[in-house]
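**Q**
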Amino acid sequence: MIGRVAGLVVHRGQDHVVIDVRGVGYVVYVSDRTMAALPAVGGAAALWTELLVREDLLQLFGFPTLLEKEWHRLLLTVQGIGAKAALAILGTLGAEGLARAIALGDWTTVKAAPGVGPKIAQRVVNELKGKAPAVMALGAGPGPTVAAPLTAEEGVVVDLPPPPPPSPSAAATAEALSALLNLGYGQGEAAAVVAEAAGRAPEAATPDLIRAALKLLAPKG
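Under the working numbering, think of the first position of the sequence shown as 9, with each following residue one higher.
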């Protein structure tokens, strides 16, 4: 499994780039958002990757962060969503925007992605809403998740082992707060709902705290 590539961008296509890694060119499909952030031809780049294997096809998809890669994996579990449709959703919303839409049940925002109709958008929200808090917690853990630009000599590395699940502790409160801030909520608002959620369940793990806090933030109909 090719989990990450680092090298020089030698070609930029409409929906893919070719990254030269020690003389081997890897064709990596990326979203519009990722393409816009990549350097021009000749620049150094690094992407986390997912290899899609079919009977007659091998395709490599690239992501700037492990969080976005995990969201792509989850989107592929939804019936009717293929690899390129998942890229289109991420390219339109980004990992944070997708997480917010799913957490709030906002399928109309998901429908804004090219090629995604209302039925598929509703299915994305309904099928992934229970998994969103755990994925959001990945972006709230310590240390950066961005694949920083590296030199062409670094080469290809395999998948890193998944991070251990957060343990129920006081650290979960800080991680839940960080996740809400990453989603764009204000410091005071986020701190208040996380504190309330933690008060109701002092031993809750990070995903449970995020889920509870988002419920408190959801509009009351």
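Ideal Cβ placement from N, Cα and C applies to all residues, glycine included. Remember, predicted model here, so these are calculated numbers, not experimental data.
At what residue ranges does the region 15-80 contain a whole run of the alpha helix (DSSP H), taking only runs of 4 or more?
**A** Correct list: 40-45.
**Q** Report the residue from VAL36, ALA203, ALA179 and GLU135 whose alpha carbon sits nearest the alpha carbon of LEU95.
**A** Residue VAL36 is the option with its Cα nearest to LEU95.
**Q** Identify, in the order they occur along the chain, each residue of the same chain with its Cβ nearer than 8 Å to the Cβ of GLY90, setting aside the five sequence neighbours on each side.
**A** Once the five neighbours on either side are set aside, the close Cβ partners of GLY90 are LEU84.
**Q** Pick helix, strand or coil for VAL13, following the three-state DSSP scheme.
**A** Three-state result, VAL13: strand.
**Q** Between LEU68 and THR57, how many whole angstroms is the CB-CB distance? I'm expecting something under 8 Å.
**A** About 5 Å separates the two Cβ atoms, so the contact holds.
**Q** Under a three-way DSSP split, which group does GLY99 fall into?
**A** DSSP places GLY99 in helix when its eight states are reduced to three.
**Q** Please identify the residue among MET9, ALA205, SER39 and ALA187 whose C-alpha is closest to the C-alpha of LYS92.
**A** Selected option, being the one with the closest Cα: SER39.
**Q** Please report how far the alpha carbon of MET9 lies from the alpha carbon of LEU82, in whole angstroms.
**A** The straight-line gap from Cα to Cα measures roughly 18 Å.
**Q** With DSSP as the reference, label ALA226 as helix, strand or coil.
**A** In this structure, ALA226 counts as coil in the three-state DSSP scheme.
**Q** For the structure I just gave you, are there three or more beta carbon pairs, one from the region 11-20 and one from the region 44-60, closer than 8 Å?
**A** The answer is yes - the region 44-60 touches the region 11-20, with three or more Cβ pairs under 8 Å.
**Q** Kindly indicate which residue of VAL32, GLY50, LEU188 and PHE71 has the alpha-carbon position closest to the one of ASP23.
**A** Among VAL32, GLY50, LEU188 and PHE71, the Cα nearest to that of ASP23 is on PHE71.
**Q** Throw me the rounded Cβ distance for the GLU180 and ALA213 pair, which I believe falls under 8 Å.
**A** The sequence shown places Ala at residue 180, not Glu. ALA180 to ALA213, Cβ: 6 Å. Contact.
**Q** What whole-angstrom Cβ distance do VAL49 and ARG20 have, given they're in contact under 8 Å?
**A** Going by Cβ atoms, the distance from VAL49 to ARG20 rounds to 6 Å, so yes, they are a contact pair.
**Q** LEU185 to PRO126, Cα distance in whole Å?
**A** Those two C-alpha atoms are separated by around 32 Å.
**Q** Count the other CB atoms, across all protein chains shown, that sit within 10 Å of the CB of ASP64; report buried if there are 16 or more and exposed otherwise.
**A** ASP64 comes out exposed.
**Q** Mapping the DSSP letters down to three states, classify ILE218 as helix, strand or coil.
**A** Three-state DSSP puts ILE218 in a helix.
**Q** So what's ASP87 in DSSP terms, helix, strand or just coil?
**A** Note on identity: in this sequence residue 87 is Gln, with Asp being the wrong assignment. Here GLN87 sits in coil by DSSP.
**Q** How long is the line joining the alpha carbons of ALA209 and THR100, rounded to whole angstroms?
**A** ALA209 and THR100: Cα-Cα distance of roughly 35 Å.
**Q** Under the rule that 16 or more other beta-carbon atoms within 10 Å means buried, what is GLY105, buried or exposed?
**A** Burial call: buried.
**Q** Within a Cβ cutoff of 6 Å, which residues of the same chain sit near LEU225, ignoring the five residues on either side of it in sequence?
**A** For LEU225, where only same-chain residues beyond five positions count, the Cβ hits under 6 Å are VAL201.
**Q** So the candidates are ARG108, ILE97 and LEU112; which of them puts its Cα closest to the Cα of VAL124?
**A** Ranking the options by Cα distance to VAL124, first place goes to ILE97.
**Q** Taking just the CA atoms, how far does ALA199 sit from PRO3?
**A** For the chain, the structure presents residues 9 to 229; residue 3 sits outside this window and is missing.
**Q** By the three-class DSSP mapping on this structure, what secondary structure does ALA109 have?
**A** Looking at ALA109 - three-state DSSP - the assignment turns out to be helix.
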